[in-house]
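Number of protein chains: 2
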Amino acid sequence: MNVDRLKNDRFLRALRREPVDRTPIWLMRQAGRYLPEYRETRRRAGSFLAMAQNPDIACEITLQPLARFDLDAAILFSDILTIPDAMGLGLYFVEGEGPKFRDPVRDAAAIAKLGVPDMERELRYVMDAVRTIRAELDGKVPLIGFSGSPWTLACYMVEGGGSKDFARIKAIALNDPQALHALLSVNTDAVIAYLSAQRAAGAQALQVFDTWGGVLSPAMYREFSLPYLTRIAAELERGAGVERTPLILFGKGNSAHLEALADCGTDAVGVDWLVELGEAARRTGGKVALQGNLDPAALYGSPEAIRREARRALDSYRDGNAGSREGHVFNLGHGMSPDMDPEHVAVLVDEVHRYSAR
Amino acid sequence: MNVDRLKNDRFLRALRREPVDRTPIWLMRQAGRYLPEYRETRRRAGSFLAMAQNPDIACEITLQPLARFDLDAAILFSDILTIPDAMGLGLYFVEGEGPKFRDPVRDAAAIAKLGVPDMERELRYVMDAVRTIRAELDGKVPLIGFSGSPWTLACYMVEGGGSKDFARIKAIALNDPQALHALLSVNTDAVIAYLSAQRAAGAQALQVFDTWGGVLSPAMYREFSLPYLTRIAAELERGAGVERTPLILFGKGNSAHLEALADCGTDAVGVDWLVELGEAARRTGGKVALQGNLDPAALYGSPEAIRREARRALDSYRDGNAGSREGHVFNLGHGMSPDMDPEHVAVLVDEVHRYSAR
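Chains S and D are the protein sequences, given in the same order. First residue of the first sequence: 1, per this note's numbering; consecutive thereafter. First residue of the second sequence: 359, per this note's numbering; consecutive thereafter.
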């Protein structure tokens, strides 16, 4: 049983659109470089990958923000690119440049060689981290497992790292769409196996990050991202009732596709700050819970400004959700940045809980 | 008279939503590094700024793509940051890093010192370029003048260059909105004076680039970008009838705001590739012409793929515009990149003209 001993189940209740005493909040990249204790752990571990691949260190980092702030969920500390690394692409990091792959896949032949990794062998370090964190959390809050989306993983796998214009993968989409579908298909199989294994190891909610879905034209999104998110939502076994492990599909720039996402079988949709939360609630019509969507830059504001912006997002959701706060998980519209002030996070968490409790 | 001797007025007719024999096309950054002749001129001139500030070289570069391709408009070769440079911020370029300012403005005191530059003194080199290009074009196609939007200029002026998260300007927006409004107000006065001067010098259409409008939440866009675009559309004197100098408001990420933009008094709205052109046409309801919106990455596709994507955009517009191609200026959804193949531009221009002429 994954939820039997939870002391705080606000987050899971909100994802089921049930009443809550206050709106739950967690923050994407809540365990990160803005925390001095994270930087200290990293100095000790030596590198980002060394941290992510060591279950004890991954656990330590996952729990750091929970020791400081009254957050309603923990999220596994790991990398978004563990799957392609386990497929053999050779993940590495260049300081200040983000992730890279030694062996990107750029043609049908390279794609045909890819297979779904064994989750308890090549990706055992992730599952061990989930198990360790669950034990350490001891029911304090639920633990979120996660994966990159098939399209977002494919972007990194083809481009070999980050990209400004995604020229290589878009060229394949235009010139050899079948090859790209083959890549997306194996990625989808892998994501489903990966999230299933995280669930089996103890993850109590699962989030898919479609970080690069928003670089696609609507026609390309409908061809190369949405169908694979839909397949994950359909095929990922996740239980029922209070034992259900909810799925959240977060997408940067997904606001053009909210109706389709609400119909794709997911439990919740995460949105960025480029759409009014109230509009998102109206357009999804109560079919899913919504997670979001404060502009992360709000954390650069004064405490007063942060409180005002938090209230605005809470009210916007409620106004678009027939006057009810149910079904809302508060979050940022994107991840936190290293130069943010931890004190400001405390202010945000306080205001979300305080204001939504009224 | 600005349009009396035009041999090709397709572009201006489309902006007036009049019938045309084929859909006009030009491409953002059509004069640029993807052309070997541009790279040669740049080698000779020494730097980007040296090119932009020399009217003869600016003219030469403006005309380069027209010698190769059957484009329906020329656009002034200049920089988006001429106005803040003329305000005294000290524009410079670092190779591979984009534009920077020596003296960014970061508080109300610095903002209070800003004034509208004299267009025929500090920005005379721009007006001279417009005059030179008009003479050289000799009525071949219309010449587009342009400016950055008040918000986009403010982003560079506050951040001191490009930015990933616009932390500084968003902090001002949150903590001292009146200071930001003061900056946006003087920028708006300057943009209106700048575009008026370009029109007086011979520009036959005017485009405002709201490149960074899309980083704003809807509430912030409505407060910090839209009102200033609206003021430009309202106050910029631009004539009437066939002598009217049309205004195009291009905005990256403006799809959430198309209805408001269609009502703001502009002649045309430029959109990126993240919205279906047909949907944009339906939502703007014939109130404005639309410019766009092929994903620039389409130019990385094969000639067949480029033709297919061009037809798709043309058909999407027509389907959303009550079956008519009127009021559409074909363009990319964003600027061209240095690694694009000039041969592919020829294919695109050919297909847009060929297919829309049927």
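Idealized CB from N, CA, C, for every residue including glycine. Predicted model, so just to flag it, every value in this text is computed and none were measured.
**Item:** Distance between glycine 628(D) and glycine 139(S) (C-alpha atoms, nearest Å)
**Value:** Position 139 of the first sequence, counted from the first residue, corresponds to residue 139(S). Position 270 of the second sequence, counted from the first residue, corresponds to residue 628(D). One C-alpha to the other measures close to 52 Å.
**Message:** Give me the DSSP bridge partner(s) of proline 99(S).
**Reply:** Position 99 of the first sequence, counted from the first residue, corresponds to residue 99(S). DSSP links proline 99(S) through a beta bridge to Phe93(S).
**Request:** Please classify alanine 205(S): does DSSP put it in a helix, a strand, or coil?
**Result:** Translated into positions along the first sequence, residue 205(S) becomes position 205. The answer is strand: DSSP assigns alanine 205(S) an E or B state.
**Message:** For the alpha helix (DSSP H) containing serine 316(S), name the first residue and the last one.
**Reply:** As a working note, residue 316(S) is residue 316 in the first sequence. In the DSSP annotation of this structure, the continuous segment of the alpha helix (DSSP H) that includes serine 316(S) starts and ends at 303 to 320.
**Item:** Close Cβ partners of glutamine 388(D) (< 8 Å) along its chain, the five nearest in sequence each way excluded
**Value:** Counting from 1 along the second sequence, the entry for residue 388(D) is found at position 30. So the list reads Pro423, Phe427, Leu429, Ile433, Met694, Val703, once near-sequence residues are dropped.
**Request:** Could you tell me whether any Cβ in chain S is nearer than 8 Å to the Cβ of tryptophan 509(D)?
**Result:** Taking the second sequence and counting its residues from 1, the one referred to as residue 509(D) is at position 151. Not one chain S Cβ lies under 8 Å of tryptophan 509(D).
**Request:** Report the neighbours of lysine 610(D) on chain S: residues whose CB is nearer than 7 Å to its CB, in chain order.
**Result:** Locating residue 610(D) in the second sequence gives position 252, where the first residue counts as 1. Result: empty, since nearest Cβ-Cβ is about 12 Å, beyond 7 Å.
**Prompt:** Secondary structure at aspartate 608(D), three-state DSSP: helix, strand or coil?
**Reply:** Here the question's residue 608(D) lines up with position 250 in the second sequence. Note on residue identity: the sequence assigns phenylalanine, not aspartate, to residue 608(D). Three-state DSSP puts phenylalanine 608(D) in a strand.
**The beta strand (DSSP E) enclosing asparagine 331(S), as first and last residue numbers** = Position 331 of the first sequence holds residue 331(S). It spans 328 to 332 - the beta strand (DSSP E) in which asparagine 331(S) sits, taken as one unbroken run.
**Cβ pair arginine 308(S), alanine 201(S) closer than 8 Å** = Along the first sequence, one-based indexing puts residue 308(S) at 308. Along the first sequence, one-based indexing puts residue 201(S) at 201. The criterion of a C-beta distance shorter than 8 Å is not satisfied by arginine 308(S) and alanine 201(S).
**Request:** Could you work out which residue in Pro661(D), Glu418(D), Arg479(D), His615(D) is closest to leucine 632(D) when comparing CA atoms only?
**Result:** The residue given as residue 632(D) occupies position 274 in the second sequence. Selected option, being the one with the closest Cα: His615(D).
**Message:** My assumption, with CB atoms under 8 Å, is that aspartate 630(D) sits in contact with glycine 691(D). Please give the rounded CB distance.
**Reply:** What you label residue 630(D) is simply residue 272 of the second sequence in a count that begins at 1. What you label residue 691(D) is simply residue 333 of the second sequence in a count that begins at 1. The distance from the Cβ of aspartate 630(D) to that of glycine 691(D) is about 4 Å, consistent with a contact at the 8 Å cut-off.
**Message:** Whole angstroms are fine: how far does the CA of tyrosine 396(D) sit from the CA of proline 700(D)?
**Reply:** Translated into the one-based positions of the second sequence, residue 700(D) becomes position 342. Translated into the one-based positions of the second sequence, residue 396(D) becomes position 38. Rounded to whole angstroms, the separation of the alpha carbons of tyrosine 396(D) and proline 700(D) is 12 Å.
**Strand pairing of leucine 114(S), partner residues [DSSP]** = Taking the first sequence and counting its residues from 1, one reaches residue 114(S) at position 114. DSSP lists no partner for leucine 114(S).
**Request:** Report buried or exposed for lysine 170(S), applying the criterion of at least 16 other Cβ atoms within 10 angstroms of its Cβ.
**Result:** Residue 170(S) sits at position 170 when you count from the first residue of the first sequence. Its Cβ being crowded by 16 or more others within 10 Å, lysine 170(S) is buried.
**Message:** Mapping the DSSP letters down to three states, classify isoleucine 169(S) as helix, strand or coil.
**Reply:** In the first sequence, counting from the first residue as 1, residue 169(S) sits at position 169. Reduced to three states, the DSSP call for isoleucine 169(S) is helix.
**Item:** Candidates Phe330(S), Tyr300(S), Glu326(S): closest to alanine 310(S) by CA position
**Value:** As a first step, residue 310(S) is located in the first sequence; it is residue number 310 there, counting from the start. That would be Phe330(S), whose Cα lies nearest to the Cα of alanine 310(S).
**Message:** Just checking: is the beta-carbon of aspartate 165(S) within a distance shorter than 8 Å of some beta-carbon in chain D?
**Reply:** To locate residue 165(S), count along the first sequence from 1; it is residue 165. Answer yes: the Cβ-Cβ gap between aspartate 165(S) and chain D drops below 8 Å somewhere.
**Message:** Just to confirm the assignment, what range does the beta strand (DSSP E) spanning isoleucine 415(D) have?
**Reply:** Residue numbering aside, residue 415(D) sits at position 57 when the second sequence is read from its first letter. Run containing isoleucine 415(D): none in the beta strand (DSSP E); it sits in the alpha helix (DSSP H), 413 to 426.
**Message:** Runs of 4 residues minimum, wholly inside the region 605 to 658 of chain D: which ones carry the alpha helix (DSSP H) assignment?
**Reply:** The DSSP assignment places complete alpha helix (DSSP H) segments of no fewer than 4 residues inside the region 605 to 658 of chain D at 616 to 620, 635 to 642, in order along the chain.
**Asked** What's the C-alpha gap between glycine 96(S) and proline 150(S)?
**Response** Your numbering for residue 96(S) matches position 96 in the first sequence. Your numbering for residue 150(S) matches position 150 in the first sequence. Distance between the alpha carbons of glycine 96(S) and proline 150(S) is about 25 Å.
**Nearest neighbour of glutamine 556(D), chosen from Pro535(D), Ala620(D), Asp486(D), Gly599(D) [CA to CA]** = Within the second sequence, numbered from 1, the residue matching residue 556(D) stands at position 198. Residue Asp486(D) is the option with its Cα nearest to glutamine 556(D).
**Prompt:** Alpha carbon to alpha carbon, how far is proline 576(D) from serine 543(D)?
**Reply:** As a working mapping, residue 576(D) is identified with position 218 in the second sequence. As a working mapping, residue 543(D) is identified with position 185 in the second sequence. The straight-line gap separating the alpha-carbon atoms of proline 576(D) and serine 543(D) is approximately 20 Å.
**Prompt:** Got a sec, what are the start and stop residues for the beta strand (DSSP E) phenylalanine 369(D) sits in?
**Reply:** If you number the second sequence from 1, residue 369(D) lands on position 11. Looking at the DSSP string, phenylalanine 369(D) is not in any beta strand (DSSP E); the run it does join, the alpha helix (DSSP H), is 368 to 373.
**Request:** Would you kindly report the start and end of the unbroken beta strand (DSSP E) that includes leucine 143(S)?
**Result:** Counting from 1 along the first sequence, the entry for residue 143(S) is found at position 143. Per DSSP, the continuous beta strand (DSSP E) segment holding leucine 143(S) begins and ends at 143 to 148.
**Item:** tyrosine 317(S) burial status per 10 Å Cβ neighbour count (16 or more: buried)
**Value:** Taking the first residue of the first sequence as position 1, residue 317(S) is located at position 317. It counts as buried.
**Message:** If distances are taken between C-alpha atoms only, which option among Ala531(D), Arg580(D), Phe582(D), Ala431(D) comes closest to leucine 385(D)?
**Reply:** Along the second sequence, one-based indexing puts residue 385(D) at 27. The shortest Cα separation from leucine 385(D) among Ala531(D), Arg580(D), Phe582(D), Ala431(D) belongs to Ala431(D).
**Message:** Among Asn187(S), Met340(S), Ile306(S), Arg231(S), whose alpha-carbon lies nearest the alpha-carbon of tyrosine 355(S)?
**Reply:** The residue you call residue 355(S) lines up with position 355 of the first sequence. It is Ile306(S) whose Cα lies nearest to the Cα of tyrosine 355(S).
**Request:** Specify the secondary structure class of isoleucine 438(D) as computed by DSSP and reduced to three states.
**Result:** On the second sequence, residue 438(D) is found 80 positions in, with the first residue counted as 1. Of the three classes helix, strand and coil, the one that applies to isoleucine 438(D) here is coil, per DSSP.
**Request:** Measuring only between beta-carbons, confirm whether tryptophan 631(D) sits less than 8 Å from chain S.
**Result:** The residue given as residue 631(D) occupies position 273 in the second sequence. Judged by the 8 Å Cβ criterion, tryptophan 631(D) is in contact with chain S.
**Request:** Compare the Cα-Cα distances from methionine 157(S) to each of Val94(S), Gly90(S), Glu223(S), Ala203(S) and report the closest residue.
**Result:** The sequence position of residue 157(S) within the first sequence is 157, counting from 1. Out of Val94(S), Gly90(S), Glu223(S), Ala203(S), Gly90(S) has the C-alpha closest to the C-alpha of methionine 157(S).
**Asked** Nearest chain S C-beta to aspartate 465(D) closer than 8 Å, yes or no?
**Response** Taking the second sequence and counting its residues from 1, one reaches residue 465(D) at position 107. Using beta-carbon distances, aspartate 465(D) does not count as an interface residue toward chain S, since no partner is under 8 Å.
**Request:** Identify whether valine 158(S) lies in helix, strand or coil by the three-state DSSP scheme.
**Result:** Walking along the first sequence from the start, residue 158(S) turns up at place 158. If DSSP states are grouped into helix, strand and coil, valine 158(S) belongs with the helices.
**At least 3 beta-carbon pairs within less than 8 Å: the region 240 to 249 of chain S vs the region 275 to 282 of chain S** = Contact annotation: the region 240 to 249 of chain S does not touch the region 275 to 282 of chain S, with fewer than three C-beta pairs closer than 8 Å.
**Prompt:** Quick one: does glutamate 634(D) have its CB under 8 Å from some CB of chain S?
**Reply:** Numbered from its first residue, the second sequence carries residue 634(D) at position 276. Interface flag for glutamate 634(D) against chain S is set, since a Cβ pair is found closer than 8 Å.
**Request:** Taking aspartate 103(S) as the reference, give the member of Glu122(S), Ala154(S), Tyr125(S) with the closest Cα.
**Result:** Start at 1 with the first residue of the first sequence, and residue 103(S) comes out as number 103. Minimum Cα-Cα distance from aspartate 103(S) among the listed residues Glu122(S), Ala154(S), Tyr125(S) corresponds to Ala154(S).
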